[in-house]
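Take 2 as the starting number for the sequence shown in the numbering used here and just add one per residue.
A short write-up of the structure that comes next.
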Amino acid sequence: MKHYLKQLEETIRERWDQKALCDYQGESFTYADVAKHIEMFRLFLNEAGITKRNKIAICARNSARWAIAFWDINVNGCVAVPLLADFHPNSVSALTNHSDSVMLFTDEDIWKKLNPAQMPALKAAVNVKDSTLLWHRDEHVAQAWKNREDLFLQHHPKGMQPEHVSYPTKNWDKLAIINYTSGTTGNPKGVMLTYGALSDTDDFANSHFPNEPGETIVSMLPMAHMYGLAIEFIHPNVDGVTVYFLGKTPSPTTLLKAMQEVKPYMVVTVPLVMEKVYASSIKPALEKMRILLNIPHVNKLIYSTIRKKLLAAFGGKVRCFIMGGAALKPEVEQCFKKMRLPFTVGYGMTEACPLLGWEWWTDFVPGSCGKPVHDIRIDSKDPKNTAGEIQARGRNITVGYYKNPEANAVAFTDDGWFRTGDLGTIDDDGNIFIRGRIKSMILNSSGQNIYPEEVESVLSGCPYVVESIVVDRNGKLVALVYADIPDDMNAEAKNRIPEQIRTAANKALPVYSKISKVELVDLPFEKTPKMSIKRFLYQ
């Protein structure tokens with residue numbers, strides 16, 4: 002297995018003048034620029050007395066300069082602490098403090114809302130947008146930062162050259178990242194991931210969805226989340242792919258315009274995005290040709306035509322759509338399969354850096370989340386038919402949670418397997434099927450295990466339902482539903498919708514998991530960056 006920093010080193014040397022990191026319709030940086038920034042940061046660290054293994058946080062919107070800040074930290078042996086820009090200011094301060102970060106890369110707007118007194122280990126804060134100092138507690142560090150360009154010129158009077166690039170690779174088991182989760186259960190935990198874990202993920206990606214130097218990709222997922230960081234940025238960029246950052250969440254129009262211009266080789270996204278594409282474009286087109294879809298051969302031609310138009314809308318060079326973070330609605334999944342759209346729904350989590358399950362689209366089994374990336378077992382006497390906890394091990398798995406002995410005590414089995422907290426089964430061919438989360442499983446009065454996610458999957462196919470959560474209230478199942486109701490529908494018809502949804506769902510559900518009541522909610526459910534619903538808010 003090749004170290005990802007060795008690959009980055011070789012790519013920088015070979016593709017010196019190629020664009021490496023770009024803001025869509027903004028500034029861009031070549032691999033030579035990246036190399037210069039990394040070297041300048043190394044000299045700054047030495048001058049400032051900041052040693053390897055020190056933690057440095059980044060809290061800002063996606064941008065090319067965010068990515069450069071990450072490479073500065075990561076290549077030079079410090080521990081990167083990516084924090085979501087959407088975290089509450091109190092959380093940013095608390096997590097910066099909890100991680101023992103000595104520096105923080107952020108922007109002016111976020112910094113104004115933070116309190117340095119809550120971050121006693123912090124020596125300085127830097128504006129990620131223009132590299133100016135926002136604040137400092139340590140005068141020596143501040144002076145070293147201001148002098149870093151002069152330091153660079155002293156060491157490289159003729160400028161940085163490709164042959165000067167050499168990056169550390171004897172650090173496989175050293176800590177590279179502390180990534181704080183923002184999951185469905187509330188309190189963030191600092192997931193510790195090594196350089197070996199990142200190398201393992203890059204190695205798997207190269208084997209299963211490889212890229213070519215000079216290709217392009219659009220980054221739209223939060224870089225502070227391992228899904229976006231590893232799959233949309235690190236893996237492509239170290240291999241010579243130019244990464245274009247959209248920054249804030251784009252509108253559908255902006256997204257498709259970017260895709261048309263950038264022409265990415267791969268689209269990494271969450272199911273919700275593709276479900277919106279289906280609802281707004283594909284489904285209406287199919288409904289207009291409903292009768293023709295019943296004619297053999299003609300239906301294949303229709304699906305093929307829609308597929309070509311969709312791929313063209315995404316730039317025409319997409320080899321695979323990778324979706325993760327949640328399940329894809331069955332209706333959408335079935336349609337994509339009929340279209341032969343090159344998509345796959347993977348399975349992962351921060352603690353796995355982030356991949357646990359994957360399969361190439363031609364072999365992907367609908368309803369599954371792929372085959373194991375490394376070793377996976379089901380804690381069940383009958384793993385094929387009876388759900389049990391999905392447990393994993395491999396070089397990509399976290400070494401634990403930072404300064405959290407309580408979480409570490411329950412994270413691993415006695416024989417060293419990581420407890421995912423997910424319930425699932427696995428078939429004879431190794432395809433993984435997720436049933437739900439252990440914490441969300443409902444045990445009814447008859448002793449029957451009910452997995453809310455399975456009921457929600459049925460609800461997703463009912464009229465008007467956009468998304469739902471199933472909860473237990475006094476032994477009865479209640480579905481909270483966010484619905485798409487036509488504005489011109491009269492009040493009487495609207496009042497009948499909850500019962501219509503309940504009736505439609507119950508026709509497809511077994512007796513023990515039938516819904517007793519449907520309650521409509523006014524707003525979409527609050528979600529994590531990977532678009533999983535924060536269930537703990539609705540229990």
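Ideal Cβ placement from N, Cα and C applies to all residues, glycine included.
Everything numeric in this text was worked out from a predicted model, so none of it was measured.
Check	Outcome
What do you reckon, are the CB atoms on residue 134 and residue 143 nearer than 7 Å?	yes
Thinking C-alpha only, which one of 279, 521, 489 is nearest residue 501?	521
Quick one: grab the DSSP three-state call for residue 141.	helix
Pick helix, strand or coil for residue 179, following the three-state DSSP scheme.	strand
Which of the three DSSP states, helix, strand or coil, is assigned to residue 459?	helix
Which ranges would you report for the alpha helix (DSSP H) in the region 15-75 if only whole runs of at least 4 residues count?	32-49
Taking the alpha carbon of residue 463 as the reference point, which residue from 398, 337, 349, 484 has its own alpha carbon closest?	484
Between which two residues does the alpha helix (DSSP H) containing residue 112 stretch?	109-113
Let's see if you can read the secondary structure: which residues bound the alpha helix (DSSP H) around residue 260?	253-263
If you count every other CB in all the chains shown that lies within 10 Å of the CB of residue 63, and 16 or more means buried, which is it?	buried
Could you work out which residue in 358, 269, 441, 190 is closest to residue 221 when comparing CA atoms only?	269
By DSSP, does residue 563 sit in helix, in strand, or in coil?	Shown here, the chain extends from 2 to 540; a query on residue 563 therefore has no answer.
Quick check on DSSP: helix, strand or coil for residue 186?	Residue confidence for residue 186 is low, a pLDDT of 47 falling below 50, so the modelled location carries little weight; the figure read from the coordinates is stated next. Coil at residue 186, not helix or strand.
Three-state secondary structure (DSSP) at residue 199?	helix
Go ahead and label residue 418 buried or exposed: buried means 16 or more other beta carbons lie within 10 angstroms of its beta carbon, across all protein chains shown.	buried
Given 8 Å as the limit, is there contact between the region 190-201 and the region 46-62, that is, 3 or more CB pairs closer than that?	no
Going by the DSSP bridge assignment, what does residue 393 pair with across the sheet?	377, 419
By the DSSP assignment, the alpha helix (DSSP H) with residue 303 in it spans what residues?	299-314
Quick test of the definition: if touching needs 3 or more C-beta pairs under 8 Å, does the region 164-175 touch the region 375-393?	no
Pull up the DSSP beta-bridge partners for residue 473, would you.	478
Apply the 10 Å Cβ neighbour rule to residue 232 and answer buried if 16 or more other Cβ atoms are within range, or exposed otherwise.	buried
On the three-pair Cβ rule with 8 Å, is the region 74-87 touching the region 97-104?	yes
Between the Cα of residue 479 and those of 487, 470, 65, spot the shortest distance and give me the residue it belongs to.	470
From 308, 120, 130, 15, pick the residue whose C-alpha is nearest to that of residue 110; which is it?	130
Would you check if the region 199-209 and the region 235-245 touch, i.e. whether three or more CB-CB distances between them fall below 8 Å?	yes
Do you know how far the Cα of residue 416 is from the Cα of residue 429?	24 Å
Which same chain residues end up closer than 8 Å to residue 199 when comparing Cβ atoms and leaving out the 5 residues on each side of it in sequence?	5, 177, 178, 231, 235, 354
Using the Cβ count rule (16 or more neighbours within 10 Å means buried), how would you classify residue 436?	buried
Could you tell me whether the region 318-332 touches the region 287-295, using the rule of 3 or more Cβ pairs below 8 Å?	no
Is residue 534 helix, strand or coil by DSSP?	strand
Under DSSP, the alpha helix (DSSP H) around residue 97 begins and ends at which residues?	90-99
With distances taken Cα to Cα, identify the nearest neighbour of residue 32 among 11, 45, 47.	11
Which residue wins for smallest C-alpha separation from residue 529, given the options 327, 473, 388?	327
Under 8 Å by Cβ, that's how I've got residue 278 and residue 247 pegged, so tell me the actual separation to the nearest angstrom.	Actually they do not touch by this definition, with Cβ atoms about 16 Å apart.
Count Cβ pairs between the region 394-412 and the region 349-369 that sit closer than 8 Å; are there 3 or more?	yes
So if DSSP puts residue 359 in a beta bridge, which residue, or which two residues, is it bridged to?	372
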